[in-house]
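Peer 1:
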Amino acid sequence: MVSVMQRYSALSLLRHALNGHRNWQAAWRSPPLRDRYSAIIVGAGGHGLAAAYYLAKEHGITDVAVLEAGWLGGGNVARNTVTVRSNYMRDESIPFYVRSVDLYDGLTRDLNFNLMQSKRTMIDVLQTWGMVRDRRRRRLIMDIYGSTYQDISVDELRRRVPLLTGGGPDSRLPILGAAVHTDASVNRHDAVAWGYARAADALGVEIHQKTPVTQLLRGPDGAISGVETPRGTVRAPIVALAVSGHTTTLTETVGLRLPLRTINLTAFVSEPVKPALDVIVNCPDLGVYLSQSDKGEMVIGGAPDLGQSFRRDIKQGVFEHTVAMLLELFPAFRRLKLLRQWGGHLDMAHDASPIVSKTDIPGLIVSAGWWGGYKAIPAGGAGLAHLIATGRPDPLTAPFGLNRFRHLDYVVETGTTTAR
Amino acid sequence: MLLIDCPFCGKRTESEFAYGGPALAPRPDPAALTDAEWVDWLTVPPNPLGWVEERWWHARGCGAWLTLRRHTVTHEIAEVRHGR
């Protein structure tokens, strides 16, 4: 069943205001769960919902159920730092992320949902010669694919980021220079989840919250046949997993092992303060990055916990380290009060590049290994939808198949913000 | 923060340690394995909601390499031993 999506506009806002906001239509339906679909997507996070939307929009496949263990937008799509950028290292990665940045820039209009997309520019503060070399090397490859890096001097960096008063010549790690990535942006994570959900629902896709998948099911021929949930068995010839962090938890229910390790990343926000920082500042040598949200909070990301972790809290040690590193460069933040902290767990592939791939089990598709998966939502969702619909990867996700491990042909990526 | 009971130094906080990755089985002879077994050893670590064995280096302490048995959900440490 395809519903008519209520368009959002200034006019509709005015009309509903005159009616006391009593007649807003629900943004998506909550239909009864059927026992059979053409395809099941596990995980109503960014990637799962984007895949559902592009499946319906680009491929006309709408007999799809998106099954979500918790509530829509309550998983890792809400547990990140909303940073969108394409300054990666590899020929395989950069065009993929350039495409994702482009899709994000047009997404508010495409989904008729205000994502509060805000082009910010990211500035990488470089404090070791190794990092300077790394950025020069990245720039050579990025130039080929239309991503941008520009070197600026320390003086220019301090002019653009007046709050950055640390890192002087007498400090532990004096700033050597900076690299400017103008393509970067931030936006609103809830809006990304809700926007994709509403648009996918309007095209006929069903979203089922509070429907955790406990077991994958295989038929007598070995192919995937559906999933088990507390609400009953749901059958489908294609099951796609988009369950950041828990991919192996599900694939191991059918004996499939994957080259993934689950780790937990740290983030926290300050109290809201007046506008003070209009770019995203990334400090790769220190393992911290930050931007200021529209509400005024400083959104601060740190390094991952050491070792594998399925937790979603943050470790005191990682938190203290991140704060100490931040204060080295931004001593004025000594007086800043921190409000909330969160972790997000993700599964990192052996070569730190994503996996969008068919598996050894016919009908079972995985989208995993997203370290920095938020920025990848539009292009990753489009790639996953293409794979579900056609059985073949699209050109941008083709390098990220599981076959690369079989041939030990790694796509070793180091473009993650705080990986050290 | 983890509290790691180093066999030489006693209980020390995680900040004194560097993480050395999953504790792998000794490197097999690739020629004696099938391709699938070799790729598995190289690229596929255990990733359970449960106990893992991992290597930690007491870099800012005695310098010993330790093997920990640690839970990926509770972060409880059941065993610390010197070497592999």
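Quick note, the sequences are listed as chains E and G, same order.
My numbering puts the first sequence at residues 121 to 540.
My numbering puts the second sequence at residues 2 to 85.
The beta-carbon is built from N, C-alpha and C at its ideal position, and this holds for glycine as well.
Compare the C-beta of G493 of chain E against all C-beta atoms of chain G and say whether one is closer than 9 Å.
Peer 2: Along the first sequence, one-based indexing puts residue 493 of chain E at 373. Any Cβ of chain G closer than 9 Å to the Cβ of G493 of chain E would place that residue at the interface, and such an atom is absent.
Peer 1: Keeping to the same chain, check which residues put their C-beta closer than 7 Å to that of G140 of chain E; ignore five residues upstream and five downstream.
Peer 2: Position 20 of the first sequence, counted from the start, is the residue given in the question as residue 140 of chain E. Excluding five sequence positions before and after G140 of chain E, none of the CB atoms of its chain fall closer than 7 Å to its own CB.
Peer 1: Below 9 Å between beta carbons: does that hold for L385 of chain E and A423 of chain E?
Peer 2: What you label residue 385 of chain E is simply residue 265 of the first sequence in a count that begins at 1. What you label residue 423 of chain E is simply residue 303 of the first sequence in a count that begins at 1. Contact flag set, yes.
Peer 1: Please specify which runs of the alpha helix (DSSP H), each continuous and at least 4 residues long, are wholly inside the segment 366-422 of chain E, giving them in chain order.
Peer 2: Taken in chain order, the complete alpha helix (DSSP H) segments of 4 or more residues contained in the segment 366-422 of chain E are 367-371.
Peer 1: Roughly how many whole angstroms lie between the Cα atoms of R540 of chain E and T73 of chain G?
Peer 2: Residue mapping note: residue 540 of chain E aligns to position 420 of the first sequence, counting from 1. Residue mapping note: residue 73 of chain G aligns to position 72 of the second sequence, counting from 1. The pLDDT assigned to R540 of chain E is 49, lower than 50, so where the model puts this residue is not dependable, and the model offers no usable value.
Peer 1: Determine, for G375 of chain E, whether the minimum Cβ-Cβ distance to residues of chain G falls below 9 Å.
Peer 2: Locating residue 375 of chain E in the first sequence gives position 255, where the first residue counts as 1. No, G375 of chain E does not count as interfacial toward chain G.
Peer 1: Which word fits G166 of chain E, buried or exposed, when buried means at least 16 other C-beta atoms lie within 10 angstroms of its C-beta?
Peer 2: Reading the first sequence from its first residue, position 46 is the one you call residue 166 of chain E. G166 of chain E counts as buried, since at least 16 other C-beta atoms from the protein chains shown sit within 10 angstroms of its C-beta.
Peer 1: Considering just the uninterrupted stretch of the alpha helix (DSSP H) at A499 of chain E, what are its terminal residues?
Peer 2: Translated into positions along the first sequence, residue 499 of chain E becomes position 379. 497-510 is the span of the alpha helix (DSSP H), which, as asked, contains A499 of chain E.
Peer 1: Nearest by alpha-carbon distance to W148 of chain E: which of E:E326, E:T382, E:L458, E:D467 is it?
Peer 2: In the first sequence, counting from the first residue as 1, residue 148 of chain E sits at position 28. That would be E:E326, whose Cα lies nearest to the Cα of W148 of chain E.
Peer 1: Report, in whole angstroms, the separation of the C-beta atoms of P392 of chain E and V45 of chain G, which I expect to be a contact under 8 Å.
Peer 2: If you number the first sequence from 1, residue 392 of chain E lands on position 272. If you number the second sequence from 1, residue 45 of chain G lands on position 44. No, P392 of chain E and V45 of chain G are not in contact; Cβ-Cβ is about 45 Å, not under 8 Å.
Peer 1: In chain G, which residues lie with their C-beta within 8 Å of the C-beta of Q461 of chain E?
Peer 2: Position 341 of the first sequence holds residue 461 of chain E. Simply none; closest approach about 14 Å.
Peer 1: Using the Cα positions of A176 of chain E and V399 of chain E, report the straight-line distance between them to the nearest angstrom.
Peer 2: Within the first sequence, residue 176 of chain E is the residue found at index 56, counting from 1. Within the first sequence, residue 399 of chain E is the residue found at index 279, counting from 1. Roughly 36 Å between the two C-alpha positions.
Peer 1: Counting contacts by CB-CB distance shorter than 9 Å, is G437 of chain E in contact with chain G?
Peer 2: Sequence index remark: in the first sequence, residue 437 of chain E carries index 317 (1-based). Taking Cβ atoms only, chain G reaches closer than 9 Å to G437 of chain E, which makes this a yes.
Peer 1: Going by C-alpha distance, which of G:R56, G:E38, G:E15 is nearest H527 of chain E?
Peer 2: Here residue 527 of chain E refers to the residue found at position 407 when the first sequence is read from its first residue. Among G:R56, G:E38, G:E15, the Cα nearest to that of H527 of chain E is on G:E38.
Peer 1: Mind checking if E372 of chain E is an interface residue toward chain G, Cβ cutoff 9 Å exclusive?
Peer 2: The count along the first sequence starts at 1 and reaches residue 372 of chain E at position 252. Yes, its Cβ sits closer than 9 Å to a Cβ of chain G.
Peer 1: Can you give me the start and stop residues for the beta strand (DSSP E) that I272 of chain E sits inside?
Peer 2: Locating residue 272 of chain E in the first sequence gives position 152, counting from the first residue. Where I272 of chain E is concerned, the enclosing beta strand (DSSP E) stretches over 270-272.
Peer 1: Nearest to L449 of chain E by CA position, among E:Y409, E:V252, E:D414, is which residue?
Peer 2: Counting from 1 along the first sequence, the entry for residue 449 of chain E is found at position 329. Closest option to L449 of chain E, judged by alpha-carbon separation, among E:Y409, E:V252, E:D414: E:Y409.
Peer 1: Does DSSP put S220 of chain E in a helix, a strand or coil?
Peer 2: Residue mapping note: residue 220 of chain E aligns to position 100 of the first sequence, counting from 1. Of the three classes helix, strand and coil, the one that applies to S220 of chain E here is helix, per DSSP.
Peer 1: What's the C-alpha gap between S413 of chain E and G250 of chain E?
Peer 2: Here the question's residue 413 of chain E lines up with position 293 in the first sequence. Here the question's residue 250 of chain E lines up with position 130 in the first sequence. Taking the straight line joining both Cα atoms gives about 31 Å.
Peer 1: Could you run through the segment 408-430 of chain E and flag, in chain order, every residue whose CB is less than 7 Å away from some CB of chain G?
Peer 2: L426, G427, Q428, S429, F430
Peer 1: Report yes if the C-beta distance between V401 of chain E and N307 of chain E is below 9 Å; otherwise report no.
Peer 2: Start at 1 with the first residue of the first sequence, and residue 401 of chain E comes out as number 281. Start at 1 with the first residue of the first sequence, and residue 307 of chain E comes out as number 187. Cβ atoms of V401 of chain E and N307 of chain E: not closer than 9 Å.
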